[in-house]
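Engineer: Attaching a single structure in C-alpha cells format; questions to follow.
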C-alpha cells in the first residue's frame, strides 16, 4: 500500500513540474518576440553606463567577482565543513559600501580586505566595530577557487587604529580596527574572498573581495586623500591647481575618496580619472549615520571625534590597495603640499636616503599660508589670478611645533597602519626621519590656524609673515597645461548619473504610461522600500534622454521615442490599437489555458487517487467486519462448550476458562480496532470507504504531502481505558487506514 501511494505521489509531482518547467521556458524565450511584445514587456536589456559589465563596475567595490561572473565556479553553499559559502542575498550591507557581521557584542562594519605578502602572507581586513578597544579575536573563513569548503583561521588580536587619550576610548563610538589572518595557498592558489566571523562555525553575512593579489614593478608615489565633502562649494579651480602641482612634483597617482562634491568638481575628477592621473573611490559613513549631503557635511564638521575615527579607514584602504604598486604613500588634504626647495619628490627622497638613511617615514614640518596674507603683494604677471597657490606666496614666519601637524612619505615595505599624521605601527620598529626645512616643508593653505596651535601662537603667525615663492620654480611651466585642462574640464557636458554601487539602492522604472501628448508623461517609480511615487515630468523634444525626478529619487529612463541617431538606445514603435488588442487577447487566453490545464490535472489526480484508494481498501474493510462476526461466534461457541467439557460445573473453574476465552476475544477486538481500522460496525454493506470518503482522503493526501497520515491512531476515550473509535472526530476512511 505504501509503495503504491509513493509511486502515485512521485508520478503526479513529476507531471506538474514538467508542466511548470515548460511554461517557464516559453515565458523566458525572448528571441522570437514581436516588437509589440517587447514594448509591453519593457524588455530593455540592463545597461551599465560607461562600463561593459558588472565586473568593470566592481573595481573599487568589496563584492567578490565570483558573484558577478556567471561563468565563475562558486564554492558550494553546503559542504563538509561547519561553515557555508554565503549567497549574494545572505550578505548584509550598510550605507552601500560596508558589509555587516553581527556578533554577540555588537556589529562589525567591514570595508575591504587586502593581501599582504610582506613577512609571510596575510590578509588584512579594515573594519569598524561598536566596541571600545579590547583584546578582540575573530575567525577568517577563506574561500578558494575550485574548493568546496573554506579554510578557517583564527585572527591575530585586532589592532585599534587610534590612541588612548584622544577622547574615544570611553565613548560609544564606531572604532576602527585592522584585523589580520595568516593565509596559505591551496593547490597553488590564493583565496578569492574572505568572511570574518566571531565563531569559526558562524554563518557569515559578509564576504569580502581580496585586493592586492596582482604584483607589478613599483612606481614611486601615490597620494591618498580622505573623503571629499563639499557638495555645495565649487572647489574646481583650487583642486585642478592642486592636482597639477602634485603631478609636477612626482605624484603618479592620487587616490581620492568621495563623499559628495559639487557637479563642476565632479566633472573635473572624471576628466583626470579618464587620463589615469587619479582614482576616485566612493565612500559613505559607517554605521547608522545619514549620508544625505547636508547632514553628512554637518556630521563631518561637528562630530570631530567620530570623524577622526572614520578617517583612518580610507587612509589605510589607500595604503593596502597600493601596497604592491607604489614605494611611498603620502597622506595629504587638498589644502596641503609637501614642497621641496628644489627638484621633485624623487630628488628629495634620494637626498633623505643619503642623509638620514632608510626610514619607515620621512616627515615634513608644517607652515601656514593663511588667507589674511592674500593681496599683500601685487598680482604676479603671467599667472592667472584664480591660481590660489601661485598667487598666494605670503606664509607665516614661524613653523608649527616639531611633530605637530606633520605630513610625510611612508615606505610601503615597512608601515603596517597609518594615521593622518604618522604611522600607527610598522613591521618591526617604526623609524621616522624629520625633513629639515632647508630641504622641504608642508605648505598648508588655510583660512585660520588649527585649534591646537593656540591663540597667541596663531596671532603671531597672522602678524609675522614672509614671502616664499618656491612653488614658482617648478610650477610656472604648468600654466599653459593647467589653463587647457581647466577649459576642457569645465566645457565637458553634464554626464548622466553613474550606475549605483552593486550594493546600492537601485531605482527601477517599471512602467512608462504612454500619452498622446509628448510634452508630459507619468512615470511610476519604485524605490527600495517598496513604495511607489508617480512623477509628472517635462520631456522636451530636443532632450529625448531626459531626466525623471521625484522628491526623493532621480533616474535616467529609456523612452520608446529615442532618436534613431543614438545607436545605444532601443527603438520601439508604438503598437497600433489592433495589435494591442490582439496582444492582450492572446495573453488572456494563454493565462486562462495554463490555469485551466493545471486545475484539470489536479482534479484528475484527486479522482484517480480516490478510485485507487477505494479499490484497495474497501475489500479489506469488509473482510475485517466479517471477521468480527466470526470472532463473536467462536467465543460464544467456546463458552458453551465449557459447560459440557467440565465434569463438575464448578464456579472457579468456569470463571477461569471463561476469562481465558474472553481475554483472547478482547485482544482480537483491540487488534481489529487498532491495527485493522474497525469502526464498530459489523454490517459489510455499511463501509466508510465510499467514493466520497475516498475522494476526500485523496484531497487530504495532496494538501498534506509528507505528513504521516497512515500512522494516526484512534483517540483515547477519557472515561474508559480501552481504545475506541471516536467517530465524531474522525474523517471517513481515515480510521480504516491506520495499518
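Residue numbers (this note's numbering): 6 to 744.
Glycine residues also receive a C-beta, built at the ideal position from the N, C-alpha and C atoms.
Would you mind giving the Cβ-Cβ distance between residue 373 and residue 466, rounded to the nearest angstrom? I have them listed as a contact below 8 Å.
Structural biologist: Yes, residue 373 and residue 466 are in contact; Cβ-Cβ is about 6 Å, under 8 Å.
Engineer: To the nearest angstrom, how far is it from the Cα of residue 256 to the Cα of residue 226?
Structural biologist: Whole-angstrom Cα-Cα distance: 5 Å.
Engineer: Please classify residue 586 as buried or exposed, where buried requires at least 16 neighbouring CB atoms within 10 angstroms.
Structural biologist: It counts as exposed.
Engineer: Across which residues does DSSP place residue 689 in a beta bridge pair?
Structural biologist: DSSP output for residue 689 lists no bridge partner at all.
Engineer: Go to residue 224, then tell me how far its beta strand (DSSP E) extends in each direction, as first and last residue.
Structural biologist: Residue 224 -> beta strand (DSSP E) spans 224-235.
Engineer: According to DSSP, which residues form a beta bridge with residue 371?
Structural biologist: Partner(s): 447.
Engineer: Helix, strand or coil for residue 88, going by three-state DSSP, please let me know.
Structural biologist: Note: residue 88 maps to coil in three-state DSSP.
Engineer: Mind checking whether residue 67 and residue 231 have CB atoms under 7 Å apart?
Structural biologist: It is not a contact, given that the beta carbons lie outside the stated cut-off.
Engineer: Within 10 angstroms of the Cβ of residue 175, are there 16 or more other Cβ atoms? Answer buried if so, exposed if not.
Structural biologist: That one is exposed.
Engineer: Please look up how many angstroms separate the CB atoms of residue 158 and residue 144, rounded, as I've assumed it's under 8 Å.
Structural biologist: Between residue 144 and residue 158 the Cβ distance is about 7 Å, and since that is below 8 Å, they are a contact.
Engineer: Hey, quick one: how far does the beta strand (DSSP E) through residue 161 stretch, first residue to last?
Structural biologist: Neither: residue 161 is in no beta strand (DSSP E) and is coded neither H nor E.
Engineer: Excluding the 5 residues flanking residue 640 on each side, which residues of the same chain have their C-beta closer than 6 Å to its C-beta?
Structural biologist: 666 and 670.
Engineer: With a 10 Å radius around its C-beta and 16 neighbouring C-beta atoms as the bar for buried, classify residue 546 as buried or exposed.
Structural biologist: Annotation note: pLDDT 40 at residue 546 (below 50); position unreliable, coordinate value reported separately. Residue 546 is exposed by the Cβ-count criterion.
Engineer: For residue 138, which residues from the same chain have a beta carbon less than 6 Å from its beta carbon, with the 5 sequence-adjacent residues on both sides left out?
Structural biologist: Contacts found: 165.
Engineer: Give the DSSP-derived three-state secondary structure of residue 429 in the structure shown.
Structural biologist: Note: residue 429 maps to strand in three-state DSSP.
Engineer: Out of 413, 238, 224 and 476, which one is the CA nearest neighbour of residue 246?
Structural biologist: The shortest Cα separation from residue 246 among 413, 238, 224 and 476 belongs to 476.
Engineer: Quick one: grab the DSSP three-state call for residue 406.
Structural biologist: Three-state DSSP puts residue 406 in coil, outside helix and strand.
Engineer: State yes or no: is the C-beta of residue 332 within less than 7 Å of the C-beta of residue 223?
Structural biologist: Result yes, Cβ atoms of residue 332 and residue 223 sit closer than 7 Å.
Engineer: How far does the alpha helix (DSSP H) with residue 594 in it reach, from first residue to last?
Structural biologist: Residue 594 -> alpha helix (DSSP H) spans 582-650.
Engineer: Give the single residue among 172, 289 and 120 whose Cα lies nearest to the Cα of residue 98.
Structural biologist: Residue 289 is the option with its Cα nearest to residue 98.
Engineer: Using a Cβ-Cβ cut-off of 6 Å (strictly less than) and excluding sequence neighbours within five positions of residue 47, which residues of its own chain qualify?
Structural biologist: Confidence in residue 47 is poor, its pLDDT being 36 and thus under 50, which makes the residue's placement unreliable; the coordinate value appears in the next sentence. Nothing meets the Cβ criterion.
Engineer: Of the choices 421, 447, 444 and 445, whose alpha-carbon is the least far from that of residue 435?
Structural biologist: When only C-alpha atoms are compared, the closest one is 421.
Engineer: Cutting at 8 Å between CB atoms, please list the residues of its own chain near residue 831, excluding the five before and the five after it.
Structural biologist: In the structure as shown, the chain starts at 6 and stops at 744, and residue 831 therefore has no counterpart that could be examined.
Engineer: Do you know whose CA, among 661, 638, 303 and 610, lies nearest residue 708's CA?
Structural biologist: If we check each option's Cα against that of residue 708, 610 comes out closest.
Engineer: In whole angstroms, what is the alpha-carbon distance linking residue 285 and residue 304?
Structural biologist: Residue 285 and residue 304: Cα-Cα distance of roughly 22 Å.
Engineer: Cα separation between residue 499 and residue 438?
Structural biologist: Model confidence at residue 499 stands at a pLDDT of 47, short of 50, so the residue's coordinates are unreliable; what they give is reported in the following sentence. Cα to Cα, residue 499 sits roughly 46 Å from residue 438.
Engineer: Looking only at its chain, what residues have a beta carbon closer than 6 Å to the beta carbon of residue 150, apart from the 5 residues adjacent to it on each side?
Structural biologist: Result list for residue 150: 194 and 197, in chain order.
Engineer: Is the region 199-215 touching the region 352-360, taking contact as three or more C-beta pairs under 8 Å?
Structural biologist: Counting Cβ pairs under 8 Å, fewer than three are found: no touch.
Engineer: Mapping the DSSP letters down to three states, classify residue 723 as helix, strand or coil.
Structural biologist: For residue 723, the pLDDT reaches just 36, beneath the cut-off of 50, and the residue's location in the model is therefore unreliable, although a value from the coordinates is still provided. DSSP places residue 723 in coil when its eight states are reduced to three.
Engineer: Look up residue 181 in the DSSP assignment and say whether it is helix, strand or coil.
Structural biologist: Looking at residue 181 - three-state DSSP - the assignment turns out to be strand.
Engineer: Can you list, in chain order, the residues of its chain with a C-beta nearer than 6 Å to that of residue 318? Leave out the 5 residues immediately preceding and following it.
Structural biologist: The answer, listed in chain order, is 116, 131 and 181.
Engineer: Per the contact definition of three or more C-beta pairs closer than 8 Å, is the region 688-698 in contact with the region 618-625?
Structural biologist: The region 618-625 is in contact with the region 688-698.
Engineer: Taking the straight line between their C-alpha atoms, what separation do you get for residue 106 and residue 602?
Structural biologist: Those two C-alpha atoms are separated by around 47 Å.
Engineer: Could you tell me if residue 401 is buried or exposed, where buried requires 16 or more neighbouring beta carbons within 10 angstroms of its beta carbon?
Structural biologist: So residue 401 counts as buried.
Engineer: In the DSSP assignment, find the beta strand (DSSP E) that holds residue 281 and state where it starts and stops.
Structural biologist: Counting along the chain, residue 281 falls outside any beta strand (DSSP E), and DSSP gives it neither H nor E.
Engineer: How big is the Cα-Cα spacing for residue 93 and residue 315?
Structural biologist: So the alpha carbons of these two residues sit roughly 27 Å apart.
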